[in-house]
Ligand SMILES: C[S@@+](CC[C@H](N)C(=O)[O-])C[C@H]1O[C@@H](n2cnc3c(N)ncnc32)[C@H](O)[C@@H]1O
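In the numbering used here, the protein residues as written are 5 to 295.
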């Protein structure tokens, strides 16, 4: 039982699966009892001066992240996972600091175990003139113990050659691949949410729902608890409730918080548009209907 369910905190919106708090995650995380969350999935600010963050020194930023990470580890269930999705911090002199490299020790110091460093490749972003344009970010997936939930079947993707068969040996003639599809690997090609994406809101860097769905389906079971301490417009919560999990999240920005709750209401009324998992990437070189 989470303390938030006793309604001790104000600025809450809740229904049977979605639970949202408008306010700072330092306040919100304190309300969760130890080992009560199965999956924490989030994308924190990158300290690059986006409109929802105040740029500060890298040391100060890391000290803030360390506090949030420590709380996340405290409330993580022993079978649970943390997925921290980050890109680059760009220093004032233009130097690129890959945030996963500097955040990794903050997880390791709590004994967390890295299972994958997933590369998320996407097609749209800034066109740089003094370096190559950035078209990937990463998700660090950590578990608390060696006994963790991992369900591969719900997230398998279509095999390239589903009809391929063993051509010799005792299994000759049988299908060689898994009929449910193949492991999606640690390279995920998923469109990011830019202007013509069906999920686009006013948030400058929201998750695509399908990206979080893959984490939810593989790392949790039905009825589990998922938390996003920097929820933005609530994408992680949408992905959670879409699959019968409890979704918890908070954001300091009231405008994003209101959009997040509105998305839950749209989801409940069947009007929220989301890009389906595993839809092929649009390729203008293919004939119409060919993707
Ligand atoms: C990169 S965005 C996350 C977007 C989110 N993944 C989505 O799909 O919309 C980071 C969010 O963290 C929020 N934020 C920044 N500091 C926070 C804090 N201390 N507590 C809670 N939210 C915070 C910002 O307002 C911003 O919406």
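The C-beta atom is built at its ideal place from N, Cα and C for all residues, glycine as well.
Because the structure is a prediction, the values reported are computed rather than measured.
Query                                                                                                               : Result
Enclosing alpha helix (DSSP H) for residue 239 [first to last residue]                                              : 239–246
Distance cut-off 6 angstroms: residue 53 Cβ against heavy atoms of ligand 1                                         : no
Identified DSSP bridge partners for residue 255                                                                     : 26
Residue of 171, 177, 176 and 163 minimising C-alpha distance to residue 183                                         : 163
Three-state class that DSSP yields for residue 234 in the structure shown                                           : coil
Cβ pair count under 8 angstroms reaching 3, the region 174–194 against the region 109–118                           : no
Nearest-angstrom beta carbon gap, residue 161 and residue 282 [assumed within contact, 8 angstroms]                 : 6 angstroms
Residue 253 classed as buried or exposed, judged by whether at least 16 other C-beta atoms fall within 10 angstroms : buried
Bridge partner(s) assigned by DSSP for residue 146                                                                  : 86 and 118
Same chain, Cβ closer than 6 angstroms to residue 7, five either side skipped, listed in chain order                : No answer about residue 7 holds up, because its pLDDT of 46 lies below 50 and its placement is not dependable.
Own chain residues within Cβ distance below 8 angstroms of residue 69, not counting five before or after            : 48, 107 and 110
Extent of the continuous alpha helix (DSSP H) to which residue 105 belongs                                          : 103–112
Length-filtered (4 minimum) alpha helix (DSSP H) runs lying within the region 42–92                                 : 62–79
Check whether residue 153 and residue 279 have beta carbons under 7 angstroms apart                                 : no
C-beta atoms of residue 89 and residue 143 nearer than 7 angstroms                                                  : yes
Residue 18 in three-state terms, based on DSSP                                                                      : strand
Residue 150 Cβ short of 6 angstroms to ligand 1 heavy atom set                                                      : no
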